[in-house]
Amino acid sequence: MMTENTDIKEDIKPDEAMDATDSFGVEGSGDISSGGGACEGTPEIEQLRNELEEAKNRSLRALADLENFRVRSNRQIIEERKYASIDLMRELLAVWDNIGRALEAVNKTQSLETLVEGVNMVHQQFLDILAKYNCVKIDAVHQPFDPNFHASVAQLPSDEFPVNTVIDEVLTGFRLHERVVRPAQVVLSAGKQQS
Numbered sequence: 012m013m014t015e016n017t018d019i020k021e022d023i024k025p026d027e028a029m030d031a032t033d034s035f036g037v038e039g040s041g042d043i044s045s046g047g048g049a050c051e052g053t054p055e056i057e058q059l060r061n062e063l064e065e066a067k068n069r070s071l072r073a074l075a076d077l078e079n080f081r082v083r084s085n086r087q088i089i090e091e092r093k094y095a096s097i098d099l100m101r102e103l104l105a106v107w108d109n110i111g112r113a114l115e116a117v118n119k120t121q122s123l124e125t126l127v128e129g130v131n132m133v134h135q136q137f138l139d140i141l142a143k144y145n146c147v148k149i150d151a152v153h154q155p156f157d158p159n160f161h162a163s164v165a166q167l168p169s170d171e172f173p174v175n176t177v178i179d180e181v182l183t184g185f186r187l188h189e190r191v192v193r194p195a196q197v198v199l200s201a202g203k204q205q206s
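My numbering numbers the first residue of the sequence shown as 12 and each following residue consecutively.
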């Protein structure tokens, strides 16, 4: 039993197939499967080949540009990270200069008051520089214990403060924006002493 497709194939004759190809404007013998067939040298095919070659070249150039951009961006990120703290270093060098001046003044005057005054000024300058870069002290003393900002190093009995209140700070903590740089090391109240 023949299917409809077989009937259609049988109805098309080779001469009619040739006429159908000619109606699309393709000249030649009609033998497309062989290497030197009808489509080989036509201007339309050559134009399509040229356009394909240009598209390939554009694609390769775009990929090369993208890769170059990626490499440049990575290099720039590495450079920026490498020198990100240069402004902070310049500010800290001013602190270093002032420490040297304070020591020099003490050596000349042999005055303890001059040394204390100089150290206090440098200490405040240092805190101001840290604050300028959004690095600030963590409030701890007399605050409720917060494990996000405080690290307990001891507990002492206290009649004055409730349990888990910071009664002393062993080491000052700092945060940069919202991230903890170093938690404050604190002594906590253990509450009233049992008698």
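C-beta atoms are modelled at their ideal positions from N, C-alpha and C, and glycine is treated no differently.
Since this is a predicted model, take the numbers as computed values, not measurements.
DSSP puts residue i in a beta bridge; with which residues?
{"i": "Ser1", "result": "As displayed, the chain neither begins before 12 nor continues past 206, which places residue 1 out of reach and without an answer."}
{"i": "Val177", "result": "Leu199"}
{"i": "Leu182", "result": "Gln196"}
{"i": "Arg190", "result": "Leu187"}
{"i": "Val147", "result": "Arg186"}
Can you tell me whether DSSP reads residue i as helix, strand or coil?
{"i": "Val152", "result": "coil"}
{"i": "Asp30", "result": "Here the model assigns Asp30 a pLDDT of 47, short of 50, so the residue's position is not dependable and the matter cannot be decided."}
{"i": "Val37", "result": "In this predicted model, Val37 has a pLDDT of only 43, less than 50, meaning its place in the structure is not dependable enough to derive any value."}
So the alpha helix (DSSP H) residue i belongs to, where does it begin and stop?
{"i": "Phe137", "result": "Leu123 to Lys143"}
{"i": "Asp157", "result": "It is not in any alpha helix (DSSP H) - Asp157 carries neither H nor E in the DSSP assignment."}
{"i": "Phe80", "result": "Pro54 to Lys93"}
Quick one, which of the options has its alpha-carbon nearest residue i's?
{"i": "Val181", "options": "Ala195, Glu90, Leu187 and Arg190", "result": "Ala195"}
{"i": "Asn131", "options": "Ile110, Ser122 and Asn118", "result": "Ile110"}
{"i": "Val198", "options": "Phe172, Val192 and Gln205", "result": "Phe172"}
{"i": "Leu103", "options": "Thr120, Val133, Asp157 and Thr183", "result": "Val133"}
{"i": "His153", "options": "Asp76, Gln135, Ser200 and Ile140", "result": "Ser200"}
{"i": "Gln204", "options": "Ala95, Asp170 and Glu189", "result": "Asp170"}
{"i": "Pro158", "options": "Arg193, Arg101, Ser96 and Asn68", "result": "Arg193"}
{"i": "Ile140", "options": "Leu123, Ser70 and Met100", "result": "Met100"}
{"i": "Asp179", "options": "His188, Ala151, Gln136 and Asn85", "result": "Ala151"}
{"i": "Arg190", "options": "Thr176, Gly202 and Ile149", "result": "Ile149"}
{"i": "Pro168", "options": "Gly202, Glu65 and Glu64", "result": "Gly202"}
Could you pull the start and end residues of the beta strand (DSSP E) that residue i belongs to?
{"i": "Phe185", "result": "Phe185 to Leu187"}
Next on the checklist: Count Cβ pairs between the stretch 141-149 and the stretch 162-175 that sit closer than 8 Å; are there 3 or more?
Outcome noted: The way I'd put it, the stretch 141-149 doesn't touch the stretch 162-175; fewer than three beta-carbon pairs between them come closer than 8 Å.
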